[in-house]
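Counting with the numbering used here, you get residues 328 to 518 for the letters of the sequence shown.
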Amino acid sequence: MAKLTNSKASTATKEKAATKGAVKAKSDAAENLREFLVDGLKDLYWAETHLSKALVKMQKNASSVKLQEAIDQHITETEEQIARLDQVFEILGEKAKAEKCEAMEGLIKEGESIMKETEAGPVRDAGIIAAAQKVEHYEIASYGTLISYCELLGEKEAMKILKQTLDEEKNCDTLLTKLAISEINLEAASE
Ligand code: FE
Ligand code: FE
Ligand code: FE
């Protein structure tokens, strides 16, 4: 039997992948990394806009003044992050559009459940920090991925803008950890 050429081999691999359990792509599915980058931006656009409202609710339910201030600061940052996404869409020559982020929807719902499951005070504050950190980690992962795509695609300007947001998400996460371990979780533990 003749040896498979590279192109034949990759066709064979694709065919193999298309057999068992393969997901059928939608008609508008991304065909390249650039399109996939734009999809990711739309996902984050949805996530950030819905998060800005969810953070207001978390802030109102926090008892610790320091936690209220930390969330307040991140509400302002989130507004700026939405504006940055607008800028990135523009740089890429794409229309700013939101597409539902299933993960953020779930994380926001989980945050609401946590608030319902806790009495207002240090325990709820510990819960709000937990929920907020899950959100920040999702954002850190998402922005990190899109920044690496921008780098590969030579989108330096977009990369720089997204990096600013990534730094804010990381700072917020660090601040929440500090607040949790230095006081809020300790207070919750002595309730
Ligand atoms: Fe954000
Ligand atoms: Fe998402
Ligand atoms: Fe954030």
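Glycine included, each C-beta is placed from N, C-alpha and C at the ideal position.
When ASN512, ILE511, MET486, GLU518 are compared, the shortest CA-CA separation from ARG411 is found for MET486. With a cut-off of 7 Å, the C-beta of GLU429 is classified as near ligand 2, since at least one heavy atom of the ligand falls inside that distance.
The alpha-carbon separation between LEU503 and GLU439 amounts to approximately 18 Å.
In the structure shown, CYS428 adopts coil according to DSSP, grouped into three states. At the C-beta level, THR405 and LEU378 come within 8 Å of one another. Of the residues assessed, GLY454 falls on the buried side of the cut-off, its CB having 16 or more other CB atoms within 10 angstroms. Within its own chain, the residues whose Cβ lies closer than 7 Å to the Cβ of ASN512, once the five positions on either side in sequence are excluded, are ALA453, listed in chain order. Only residues of its own chain outside the window of five on either side were considered, and among them ALA425, GLU426, LYS427, CYS428, MET431 have a CB closer than 8 Å to the CB of TRP373, listed in chain order. At a cut-off of 7 Å, the beta-carbon of GLN400 does not count as near ligand 1: no heavy atom of the ligand is closer than that.
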